[in-house]
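Residue numbers (our numbering): 10 to 368. Positions of the beta carbon are idealized from the N, C-alpha and C atoms, including for glycine. Presented below is the structure to which this report refers.
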């Protein structure tokens with residue numbers, strides 16, 4: 010197992026390098042980069058650039074952009090040249106890529122073009138929001154779906170099985186953002202009740218609270234966004250758990266165990282559980298990444314939560330390359346590490362699995 014883990018850790022380097030290279034080429038060769046957006050802004054179109062553009066360790070003052078068309082005046086070629094130099098766009102693609110990856114190896118992600126803050130600082134400021142949403146949502150989904158799936162497998166075809174399937178499939182069919190809006194209307198000062206806060210993870214007067222009040226306030230803020238995030242997450246895991254258990258229950262070793270007179274609970278949790286949970290564990294990495302980042306984007310927008318999903322989306326729209334590539338690097342590296350953790354969990358659940366035999 011040790012040699013296998015060493016190989017997997019070493020494979021992270023070329024895998025990460027390849028993913029970053031492909032995405033770097035796609036983003037860099039796509040039209041509408043920071044310089045193009047600056048030119049569009051100066052010509053009177055809607056832009057995303059501020060009055061000062063950050064490049065390297067300096068700030069470049071941009072000319073005023075009054076609310077009139079600037080087609081009557083040209084854009085200073087010297088300014089555009091200065092922007093390209095400061096942002097590094099005067100260098101070849103290959104040189105820019107290797108320079109970027111050299112920085113990323115030391116987790117030096119540079120400074121945001123448009124926000125004027127270190128990218129590492131922006132990521133760590135937003136990370137608690139994404140972790141909070143993803144962690145609690147994942148725990149709720151797994152704590153509900155796995156026992157429910159086991160129960161449905163044991164009582165397959167019963168009234169309980171039919172009704173629970175109807176409920177979770179209905180919840181899966183409801184878009185998370187639509188359910189979020191409904192929760193706001195009903196419980197967050199919409200047209201009915203005002204029980205829950207809208208926006209942020211803590212109240213504005215959190216400095217005046219004791220630690221027990223802070224904990225309660227934190228979870229109070231999480232009720233609505235977490236509920237909106239988990240509503241559609243039960244169906245897939247529940248049905249996967251049910252089908253995995255049904256497949257194992259029908260195996261010969263279960264019939265043999267029953268013939269020997271072993272208690273049903275011991276058969277279910279002592280023998281079937283380990284084998285059936287392998288498929289559930291296989292989908293754990295994707296579930297973690299999806300809930301931590303990509304799945305919470307609309308929820309972050311609706312509930313005014315500044316998380317990593319929203320940060321990456323804003324960077325993609327605004328062509329803020331330092332944030333865009335830093336979040337991609339962070340997500341990819343985290344995903345590769347989680348895959349290794351998943352393999353370790355395989356062995357913990359079923360010691361018969363031997364990854365050292367894999368070639």
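Can you tell me which of the options puts its alpha carbon nearest to the alpha carbon of residue i?
i: residue 190; options: 213, 176, 229, 240; result: 240
i: residue 313; options: 228, 24, 210; result: 210
i: residue 108; options: 134, 280, 318, 30; result: 30
i: residue 234; options: 98, 103, 244, 149; result: 149
i: residue 325; options: 27, 33, 246, 127; result: 33
i: residue 216; options: 319, 207, 226; result: 226
i: residue 138; options: 147, 172, 103, 231; result: 231
i: residue 140; options: 182, 276, 315, 104; result: 315
i: residue 247; options: 171, 320, 203; result: 171
i: residue 369; options: 134, 166, 200, 38; result: Given a span of 10 to 368 for the chain in the structure shown, any question on residue 369 remains unanswerable.
i: residue 296; options: 142, 251, 168, 334; result: 142
i: residue 245; options: 180, 283, 277, 208; result: 180
i: residue 249; options: 156, 278, 223, 220; result: 156
i: residue 116; options: 338, 349, 327; result: 338
Under the three-state reduction of DSSP, which class applies to residue i: helix, strand or coil?
i: residue 115; result: coil
i: residue 127; result: strand
i: residue 357; result: helix
i: residue 317; result: helix
i: residue 312; result: coil
i: residue 328; result: coil
i: residue 110; result: helix
i: residue 170; result: helix
i: residue 86; result: helix
i: residue 181; result: helix
i: residue 211; result: coil
i: residue 75; result: Low per-residue confidence applies at residue 75: pLDDT is 41, beneath 50, and the placement is therefore not dependable, though the value from the model is reported in the following sentence. Coil.
i: residue 41; result: coil
i: residue 164; result: coil
i: residue 343; result: helix
Under DSSP, the alpha helix (DSSP H) around residue i begins and ends at which residues?
i: residue 35; result: 11 to 38
i: residue 8; result: There is no way to answer for residue 8, as the model of the chain reaches only from 10 to 368.
i: residue 266; result: 261 to 268
i: residue 98; result: Where residue 98 is concerned, there is no enclosing alpha helix (DSSP H), given that its DSSP letter is neither H nor E.
i: residue 225; result: 220 to 239
i: residue 276; result: 273 to 276
Distance check for residue j and residue i, CA to CA, integer angstroms please.
i: residue 268; j: residue 151; result: 32 Å
i: residue 25; j: residue 317; result: 20 Å
i: residue 23; j: residue 121; result: 26 Å
i: residue 257; j: residue 177; result: 23 Å
i: residue 271; j: residue 347; result: 37 Å
i: residue 159; j: residue 254; result: 7 Å
i: residue 206; j: residue 290; result: 35 Å
i: residue 124; j: residue 354; result: 40 Å
i: residue 144; j: residue 130; result: 21 Å
i: residue 185; j: residue 146; result: 13 Å
i: residue 280; j: residue 263; result: 8 Å
i: residue 35; j: residue 42; result: 12 Å
i: residue 350; j: residue 214; result: 39 Å
i: residue 56; j: residue 126; result: Summary for residue 56: the model assigns pLDDT 43, below 50, so the residue's position carries little reliability, and this model does not support an answer.
i: residue 287; j: residue 259; result: 16 Å
i: residue 293; j: residue 203; result: 36 Å
i: residue 311; j: residue 229; result: 17 Å
i: residue 309; j: residue 166; result: 39 Å
i: residue 333; j: residue 321; result: 6 Å
DSSP beta-bridge partners for residue i?
i: residue 284; result: Note: residue 284 sits in no beta bridge, so no partner.
i: residue 197; result: 203
i: residue 120; result: 127
Under 7 Å: does the beta carbon of residue i sit that close to some heavy atom of the ligand FMN?
i: residue 229; result: Judged by which ligands are present, the structure shown has none, so any question about the ligand FMN falls away.
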